[in-house]
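Only one structure is covered here, and it is reproduced in the block below.
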């Protein structure tokens with residue numbers, strides 16, 4: 001049996017077109033006179049891109065068709081002949097004059113579509129159809145859950161399909177800072193992983209067809225517990241309540257134990273242990289002299305044990321300098337700091353020195369030491385504010401200062417070095433010259449000068465007042 005939708009059909013139609021013409025359900029004989037003007041294509045071949053599932057219309061407009069038959073085919077398969085549909089696919093139909101419409105296009109509809117004249121020359125017009133397919137994703141593993149040991153190498157993978165070929169992007173989600181872009185590859189390799197690698201990773205695929213698609217992969221890192229302390233040094237005093245906090249990272253199911261000077265602690269009427277998610281608290285009420293000392297929090301899980309230390313002391317905390325680095329004066333500087341201490345301060349030790357320096361070296365001078373009788377201002381129940389005016393300094397010079405404080409429990413640790421600068425003698429002259437030059441040359445630098453020089457004027461005329 002001959003399949004007329006294949007190679008034989010164009011020849012049959014071509015011969016058939018010279019004999020009869022199919023119109024409105026009946027065949028009629030053509031006129032004896034041949035057409036005076038040869039048929040001519042008015043439309044042109046074109047590349048059409050259509051998204052899968054949509055509808056496309058391929059034009060085929062011919063001038064002076066006469067009694068000839070227009071044939072639509074794809075490859076060797078005939079789709080239509082004139083207005084007669086040959087294919088059984090209900091998605092194909094002739095609209096308008098002889099345009100071919102395809103409804104709900106599929107990926108297999110891609111290819112060349114030929115509108116052919118059934119004349120002796122078998123002239124044709126070719127349209128190429130490309131089917132665009134939105135991206136789809138498949139994560140490996142399929143459940144989106146990956147577990148790895150600390151120190152190992154982890155490979156996360158996503159497979160994408162679509163037309164055009166999608167590009168894959170990797171991100172790590174963060175509820176605070178938002179997603180962080182990591183890679184543009186189908187695989188993401190993480191080496192020597194630790195708890196900071198744990199979290200939600202997202203692979204996204206985009207090919208410009210409709211919306212980007214994404215999938216999440218949850219990475220869990222197995223490791224011995226990791227501990228950070230909220231404060232490694234805690235100030236305390238008799239009769240007050242104290243809270244020590246250890247935070248466990250990575251494994252919130254770890255068992256937490258508290259020790260004081262290597263002795264295991266149990267809850268008492270003054271001592272309580274509270275776990276809350278990854279935060280473990282030891283609360284000591286009505287603090288007593290025997291409660292001072294070194295505490296440790298110890299976390300255990302199946303992979304190991306970790307310990308961190310906290311010192312609880314009645315001595316003052318280290319001085320925290322709050323005065324600006326640049327002095328408002330040529331030869332003195334107002335040094336201001338805060339100190340944590342519940343008991344009153346008994347003595348302050350202040351040391352300062354000049355720092356000789358140029359572009360190639362720094363040479364510290366001799367320390368000048370002062371013992372100060374404290375007259376501090378208490379800012380709250382556990383902090384003091386102090387200030388001291390350091391005099392007889394060199395102008396345009398660099399100095400360093402440190403502070404140590406004592407209360408009834410003893411001296412605190414020496415503070416970090418605070419560096420400060422005395423004012424240059426020519427500063428006011430420089431400011432005045434800049435101002436006059438700006439006015440005389442009529443250039444628009446006034447907002448910039450104000451932004452730079454106003455703070456300097458404030459330092460000169462509104463220095464800290466010595467307490």
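Residue numbers (UniProt numbering): 1 to 467.
For every residue, glycine included, the Cβ atom is placed at its ideal position computed from N, Cα and C.
Remember, it's a predicted structure, so these values are computed and weren't measured experimentally.
The beta carbons of residue 318 and residue 415 sit closer together than 8 Å. The continuous beta strand (DSSP E) containing residue 139 extends over residues 124 to 140. Under the Cβ criterion (8 Å, minimum of three pairs), the region 293 to 311 counts as touching the region 257 to 274. When only Cα atoms are considered, residue 130 and residue 99 end up about 18 Å apart. Residue environment: residue 109 is assigned as buried (16 or more neighbouring CB atoms within 10 Å of its CB, all protein chains considered).
One thing to note: residue 193 has its Cβ within 8 Å of the Cβ of residue 154. Distance from the CA of residue 339 to the CA of residue 283, rounded to the nearest whole angstrom, comes to 23 Å.
Within the UniProt domain "Ig-like" (39 to 132), the runs of beta strand (DSSP E) that reach at least 3 residues and sit entirely inside it are, in chain order, 47 to 51, 56 to 58, 70 to 74, 77 to 81, 92 to 95, 99 to 102 and 111 to 117. One thing to note: residue 128 has its Cβ within 8 Å of the Cβ of residue 47. Nearest to residue 370 by alpha-carbon distance, out of 391, 363, 57 and 385, is 391. Contact between residue 57 and residue 101 holds: their C-beta atoms lie close to 5 Å from each other, under 8 Å.
In the DSSP assignment, residue 207 falls outside any beta strand (DSSP E) and carries neither an H nor an E. For residue 315, same chain residues with a beta-carbon under 6 Å away, outside a window of 5 residues either side, are 409, 410 and 412 in chain order.
Less than 8 Å separates the beta-carbon of residue 352 from that of residue 399. Under the DSSP definition of a beta bridge, residue 408 lacks any partner. Sequence-distant partners of residue 267 (beyond 5 residues in either direction) whose C-beta falls short of 8 Å from its own C-beta, in its chain, are 273. Rounded to whole angstroms, the gap between the alpha carbons of residue 308 and residue 247 is 10 Å. Counting along the chain, no beta strand (DSSP E) covers residue 344, and no H or E run does either. The Cβ atoms of residue 367 and residue 311 do not sit closer than 8 Å to each other. Closest by C-alpha distance to residue 151, out of 196, 138 and 355, is 196.
Contact annotation: residue 170 and residue 115 have beta-carbon atoms that are not nearer than 8 Å. For residue 221, DSSP records a beta bridge to 148.
Here the alpha carbons of residue 287 and residue 344 stand approximately 17 Å from one another. Between residue 162 and residue 209, the beta carbon gap of about 7 Å places them in contact (Cβ cut-off 8 Å). The beta carbon of residue 385 sits closer than 7 Å to the beta carbons of 338, 376, 377 and 379 from its chain, once the five residues preceding and following it are set aside; these are given in chain order. Pairing residue 401 with residue 418 gives a Cβ-Cβ distance under 8 Å. Rounded to whole angstroms, the separation of the alpha carbons of residue 75 and residue 113 is 7 Å. Residue 146 counts as buried, since no fewer than 16 other beta carbons sit within 10 angstroms of its beta carbon. In the three-state scheme derived from DSSP, where H, G and I count as helix and E and B as strand, residue 375 is classed as coil.
Between the alpha carbons of residue 91 and residue 69 lies a gap of roughly 22 Å. No residue range can be given for residue 392, since it is assigned to no beta strand (DSSP E) and is classified by DSSP as neither H nor E. Within the same chain, Cβ atoms closer than 7 Å to the Cβ of residue 279 are found at 245 and 247, the five residues on either side in sequence being excluded. In this structure, the CA atom of residue 224 is about 23 Å from the CA atom of residue 201. The beta-carbon separation of residue 52 and residue 165, rounded to 15 Å, does not stay under the 8 Å limit for a contact. Comparing C-alpha distances from residue 204 to each of 255, 388, 220 and 181 shows the shortest one belongs to 181.
Only exposed fits residue 88, as fewer than 16 other CB atoms lie within 10 angstroms of its CB.
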